[in-house]
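Residue 54 is where the sequence shown starts when you use our numbering, and the numbers rise one by one after that.
Note that CB positions come from ideal geometry on N, CA and C, so glycine has one too.
Below: the structure, in structure tokens.
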Amino acid sequence: MQTSVTPTHCPYCALQCGMNLTSVPDRDGGGTGVEVTERTDFPVNRGALCGKGRTAPALLSSRVRLTTPLVRTDGVLRPAGWDEALDRIAEGLSRTRTEHGPDACGVFGGGGLTNEKAYALGKFARVVLGTSQIDYNGRFCMSSAAAGGIKAFGLDRGLPFPLEDVPKAGCVILVGSNLAETMPPALRYLTELRENGGKLIVVDPRRTRTAEQADLHLAPRPGTDLALALGLLHLVVAEGRTDEAYIRERTSGWEEARAAAMAHWPEYVERITGVSVPQLRETVRMFCEPEATMVLTARGPEQQSKGTDTVGAWINLCLATGRPGRPFSGYGCLTGQGNGQGGREHGQKADQLPGYRKLDDPAARRHVAEVWGVDPDTLPGPGRSAYELLDALGTDIRALLLMASNPVVSAPRAAHVEERLRSLDFLAVADVVLSETAELADVVLPVTQWAEETGTTTSLEGRVLLRRQALTPPEGIRSDLHVLRELADRLGVEKGFPTDPEEVFEELRRASAGGPADYSGITYRRLAEEDGVFWPCPSDGSAGPAGSAGEGGEGAVVHPGTPRLFLDRFATADGRARFVAVHHRPLAEEPDAEYPVLLTTGRVVSQYQSGAQTRRVDELNAAAPGPFVELHPRLAERLGAVEGEPLAVVSRRGRAVAPARITTAIRPDTVFMPFHWPGEGRANTLTNPALDPTSRMPEFKACAVRVERVG
Ligand code: SF4
Numbered sequence: 054m055q056t057s058v059t060p061t062h063c064p065y066c067a068l069q070c071g072m073n074l075t076s077v078p079d080r081d082g083g084g085t086g087v088e089v090t091e092r093t094d095f096p097v098n099r100g101a102l103c104g105k106g107r108t109a110p111a112l113l114s115s116r117v118r119l120t121t122p123l124v125r126t127d128g129v130l131r132p133a134g135w136d137e138a139l140d141r142i143a144e145g146l147s148r149t150r151t152e153h154g155p156d157a158c159g160v161f162g163g164g165g166l167t168n169e170k171a172y173a174l175g176k177f178a179r180v181v182l183g184t185s186q187i188d189y190n191g192r193f194c195m196s197s198a199a200a201g202g203i204k205a206f207g208l209d210r211g212l213p214f215p216l217e218d219v220p221k222a223g224c225v226i227l228v229g230s231n232l233a234e235t236m237p238p239a240l241r242y243l244t245e246l247r248e249n250g251g252k253l254i255v256v257d258p259r260r261t262r263t264a265e266q267a268d269l270h271l272a273p274r275p276g277t278d279l280a281l282a283l284g285l286l287h288l289v290v291a292e293g294r295t296d297e298a299y300i301r302e303r304t305s306g307w308e309e310a311r312a313a314a315m316a317h318w319p320e321y322v323e324r325i326t327g328v329s330v331p332q333l334r335e336t337v338r339m340f341c342e343p344e345a346t347m348v349l350t351a352r353g354p355e356q357q358s359k360g361t362d363t364v365g366a367w368i369n370l371c372l373a374t375g376r377p378g379r380p381f382s383g384y385g386c387l388t389g390q391g392n393g394q395g396g397r398e399h400g401q402k403a404d405q406l407p408g409y410r411k412l413d414d415p416a417a418r419r420h421v422a423e424v425w426g427v428d429p430d431t432l433p434g435p436g437r438s439a440y441e442l443l444d445a446l447g448t449d450i451r452a453l454l455l456m457a458s459n460p461v462v463s464a465p466r467a468a469h470v471e472e473r474l475r476s477l478d479f480l481a482v483a484d485v486v487l488s489e490t491a492e493l494a495d496v497v498l499p500v501t502q503w504a505e506e507t508g509t510t511t512s513l514e515g516r517v518l519l520r521r522q523a524l525t526p527p528e529g530i531r532s533d534l535h536v537l538r539e540l541a542d543r544l545g546v547e548k549g550f551p552t553d554p555e556e557v558f559e560e561l562r563r564a565s566a567g568g569p570a571d572y573s574g575i576t577y578r579r580l581a582e583e584d585g586v587f588w589p590c591p592s593d594g595s596a597g598p599a600g601s602a603g604e605g606g607e608g609a610v611v612h613p614g615t616p617r618l619f620l621d622r623f624a625t626a627d628g629r630a631r632f633v634a635v636h637h638r639p640l641a642e643e644p645d646a647e648y649p650v651l652l653t654t655g656r657v658v659s660q661y662q663s664g665a666q667t668r669r670v671d672e673l674n675a676a677a678p679g680p681f682v683e684l685h686p687r688l689a690e691r692l693g694a695v696e697g698e699p700l701a702v703v704s705r706r707g708r709a710v711a712p713a714r715i716t717t718a719i720r721p722d723t724v725f726m727p728f729h730w731p732g733e734g735r736a737n738t739l740t741n742p743a744l745d746p747t748s749r750m751p752e753f754k755a756c757a758v759r760v761e762r763v764g
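Shown next, in the form of structure tokens:
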């Protein structure tokens, strides 16, 4: 067998580490499999991978992956042919549309889909089904940061600067991010920061492996990050550390934001957060003294029912000190899912069209409708957000097509979501394994995995990347693009759904041209040659008519892409960043006599999201075989809890049971559970679906519980 090496990217998180896939005989010694080999030329990870990336090929040849469609007959899923399965889905969707109208058909996507698939899924929902009811699991990931970024800067791109800028800052405040578990190769940027003399401040209610590396660890009570940021801004003003020239020249709305912050006295903030006034003062000193500093947020402050305002408060701190748009400075969000960034740019979000255009903007509708060859008046308006969509299953929404998501494990109030899924007239799921959600479906379609098909993703830096095909999918498996094309055909739309990813990307380029996330200058050829291009990138140098992909016209130059945003102006109408006046407010559910403890949730290094993939990889499963309840010794003593013994965690939404893990790394008023597992240890049985009014993000990060010994 001749060995081939394919440079590509990891299928899991938004760091999108570079790796090589080298062909090897498959495990039966017959065909071709692949193994991960080091790829040092991709600058983000320079060859480093976490265990998830290293073991990613295991699922490609796994015996537990789906290889044939499944169709439910007499209550049981049985193997079926593709035609039968696709006919059943087309019939289920068509019947629902006829009997209840187009909005009775829902579509639910995922942040793991490539840009091409996310684009095709949004187009399928709006053009083929004519439904407004589409959203995706990325709503549970970064939507508060997206909403906060758009409010302040007029644009949401996770990081407005490349990761290579992080070590050049003088101080980084990392808020609610545990990079050591979620993206281990990214830790090197923090290590280099400190080696360069920069300071690291970590804000996290737990003393995580990331927090252990910090110069200063602030451990606020869960859900109080907003008050913390306001208290810091109060001190910045009181100590005369604002950048008045920057505020005057590059921002608007300062007086209102300043007044809001001045209402949050340090002593008041100390009472709310548990972070002492001396710690607040030290944070301000460390953040303000260097010339270049940044704040990076992740799910901690974002997954709250006030997530958008919390992000806004941290952005206010950056703006008041003159950071965004300056070298090695500013605000950024560390997006989580592999294509969490691209997944939100190309139309699978309830309120958006490709190119990050707004669905209720008439000019955006006209542009995209022209690319799609449809009348803009036929495009539906904005639909429900992810949790609201799931909550409407079985009532307003009678049939659902779901791709690349496992809400039975990952959605808040998961037992209720599971019950809603069971109440549907019809459920179709496309996935690589029989996930807990697929188990409930009427039809399950086995689809290609990351290494079996070329496509693009957009990393947390806004860097568009080419994931190359390294091997042929097994017999019986088809691409999601193929599924959408076949369903469109069966539902009477015979054109507009190509199965070739590059052809889809070419259309996506045209649809995004002129939009906030402009990909029109990005081609597969450039991605292969340049190893990624940062959007916006409005010209590939070709002589196309204005508004087309390339858009340059005669003599156009190749746009190099935009690694750093906001250097001269922000993406608002007047070019100024906007302060937002925000105030502390309590959690949607504060502890009380019945539920006296706070629950917070998160990830562990050897599992990923709902665990649908990683729980099926032996090495990862051995490293992280199940959930646990992390609690402080003082709380353990009060309960009489013993290390390793099962504890029940009970909220107003249900009960989860997992073994105790006793550690001083957590606050005594808080317990932590990872959320990767189904069954009795499912953390999301407990979580609160209270929504942020702007981003519609559920309050995953804090709810009131009581903890009991079992038996
Ligand atoms: Fe994959 Fe993320 Fe691990 Fe990198 S850090 S190897 S992208 S899971």
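How would you label residue i, buried or exposed, when you count the other beta carbons within 10 angstroms and need 16 or more for buried?
i      : result
SER476 : exposed
ARG324 : exposed
GLY207 : buried
PRO613 : exposed
LEU620 : exposed
GLN660 : buried
ASP156 : buried
GLU471 : buried
THR723 : buried
PRO380 : exposed
SER663 : buried
In whole angstroms, give me the CA-to-CA distance for residue i and residue j.
i      : j      : result
PRO589 : ASP571 : 5 angstroms
GLY600 : THR667 : Reliability fails at GLY600, whose pLDDT of 49 lies under 50, so the model's placement of it is uncertain and no value is given.
GLY154 : LYS221 : 55 angstroms
VAL482 : ALA491 : 6 angstroms
VAL496 : GLN394 : 29 angstroms
LYS548 : ASN459 : 30 angstroms
ASP296 : ASP218 : 21 angstroms
PHE95  : ALA67  : 14 angstroms
ARG116 : CYS194 : 30 angstroms
PRO598 : CYS70  : Legend: pLDDT at PRO598 = 47, less than 50; position of this residue unreliable, no value from coordinates given.
ALA457 : GLU489 : 12 angstroms
ARG617 : GLY378 : 8 angstroms
GLN401 : GLU169 : 11 angstroms
LEU544 : GLU144 : 8 angstroms
LEU246 : GLY408 : 34 angstroms
ARG466 : VAL77  : 44 angstroms
Can you give the beta carbon distance from residue i to residue j, rounded, assuming they're within the 8 angstroms contact cut?
i      : j      : result
GLY383 : PRO213 : 6 angstroms
VAL610 : SER592 : 7 angstroms
PRO60  : ASN73  : 6 angstroms
ALA314 : THR747 : Actually they are not in contact, since the Cβ atoms of ALA314 and THR747 sit about 20 angstroms apart, beyond 8 angstroms.
ALA564 : VAL424 : 5 angstroms
LEU700 : VAL758 : Not confirmed; about 11 angstroms, so no contact.
MET726 : ALA736 : 4 angstroms
ASP533 : VAL500 : 5 angstroms
Given 7 angstroms as the limit, tell me if residue i has its C-beta closer than that to any heavy atom belonging to ligand 1.
i      : result
LYS204 : no
CYS194 : no
ASN98  : yes
TYR65  : yes
LYS105 : yes
GLN69  : yes
LEU102 : yes
PRO237 : yes
Does ligand 3 have a heavy atom nearer than 7 angstroms to the CB of residue i?
i      : result
PHE728 : Ligand 3 is absent from the structure shown, which contains only ligand 1.
task: Would you check if there are 3 or more beta carbon pairs closer than 8 angstroms linking the stretch 453–461 to the stretch 418–436?
output: no
Contact the stretch 92–102 vs the stretch 116–123: 3+ CB pairs below 8 angstroms: no
query: Is it true that the stretch 314–322 meets the stretch 340–349, where meeting means three or more beta-carbon pairs spaced less than 8 angstroms apart?
result: no
query: Counting Cβ pairs closer than 8 angstroms, one from the stretch 245–255 and one from the stretch 427–435, do we hit at least three?
result: no
message: Would you call the stretch 362–374 in contact with the stretch 130–150, where contact means no fewer than 3 C-beta pairs closer than 8 angstroms?
response: no
query: For the 8 angstroms Cβ check, are there 3 or more pairs between the stretch 265–273 and the stretch 298–314?
result: no
- prompt: For the 8 angstroms Cβ check, are there 3 or more pairs between the stretch 176–184 and the stretch 513–522?
  reply: no
query: How about the stretch 347–361 and the stretch 271–284: do they share at least three Cβ pairs that are nearer than 8 angstroms?
result: yes
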